[in-house]
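Each residue of the sequence shown is one higher than the last, beginning at 436 in our numbering.
Idealized CB from N, CA, C, for every residue including glycine.
Quantities reported herein were computed from a predicted structural model and do not represent experimental measurements.
Taking it in order: structure first as C-alpha cells, then the write-up.
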Amino acid sequence: MTRTEPAPDSTSAAPPPPLTRPVRAVYALAGLVMGVMWIRGGDEPAWEHALRVLVLVLVAPPVVHLVRRLRQRRRGEAPSGRQLPVARLTVAKVLLVGAGLGCDWLLGHWLAEPSRATAVGLCALIAAGGPKLHIRAANSRRTAGR
C-alpha cells in the first residue's frame, strides 16, 4: 500500500527557504565580535564599553548596507529592494546591550571577571537567536508584501 500526499492547497503559504550557511556564519561572527568587544572593555566601567558596543552595533549595519547599495549601483545591478527594519533593529540592539550591561552588573556580585561570562552569553545569544529572528523577519516581510 502506498501513501499519497495530499494535493497542495493553493491558498497556503509557501514554506520559508532554508537558512543558508553564510547567514548563520554572519551571526556567529557578529556574536564573536560583540563578545570580543565586551571582553576588551572589561577593565573599564561597564557603561563605557556598553556605550562603545552600542555605537558599533548601531552604526556598522547601516554603513555596510550603504556600501552594498553603492557597489550594486556601480556594477549596474538592480537594487535588491530589501530595506532594513531600522526601528525594530535599533530597539533589539539597545535591549541586547542593556541586557549585557545588566548581566555584567549582576554577575559582578559573584564573579571576579563578569565581562567574560557576559561576553560568552552575548556571543551565544547572537549566534543562536540571530538566525531565528532573521527567519521571522524575512517571513513577516514576505507576508506584508502580499
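Residue i in three-state terms, based on DSSP
| i | result |
| --- | --- |
| P480 | coil |
| G511 | coil |
| G543 | coil |
Under 8 Å between C-beta atoms of residue i and residue j
| i | j | result |
| --- | --- | --- |
| L557 | G470 | yes |
| V468 | P566 | no |
| L501 | T525 | no |
Residue i versus residue j - alpha carbon distance
| i | j | result |
| --- | --- | --- |
| G543 | I570 | 35 Å |
| G477 | G537 | 14 Å |
| L486 | R508 | 34 Å |
| A481 | L505 | 36 Å |
| Y462 | P497 | 16 Å |
| A563 | G511 | 36 Å |
| V529 | A522 | 11 Å |
| A460 | D539 | 26 Å |
| E548 | A495 | 28 Å |
Proximal residues to residue i (C-beta, below 7 Å), its chain only, five neighbours per side dropped
| i | result |
| --- | --- |
| W473 | H484, V488, G535, S550, T553, A554 and L557 |
| S445 | Residue confidence is low: S445 scores 48 on pLDDT, short of 50, so the model does not pin down where it sits. Its coordinate-derived value is still stated next. Within the same chain, S445 has no close Cβ partners at all. |
| I561 | Y462, A465, G466 and M469 |
Closer than 8 Å to chain D by CB, residue i
| i | result |
| --- | --- |
| W482 | Among the chains in the structure shown there is no chain D, since it carries only a single protein chain. |
Beta-carbon contacts of residue i that lie in its chain and below 6 Å, excluding the five residues immediately before and after
| i | result |
| --- | --- |
| H527 | Checking the sequence, you will find Ala at residue 527 rather than His. No residues qualify anywhere along the chain. |
Sequence-distant residues of the same chain with beta carbon closer than 8 Å to residue i, five excluded per side
| i | result |
| --- | --- |
| V532 | A485, V488, L489 and V492 |
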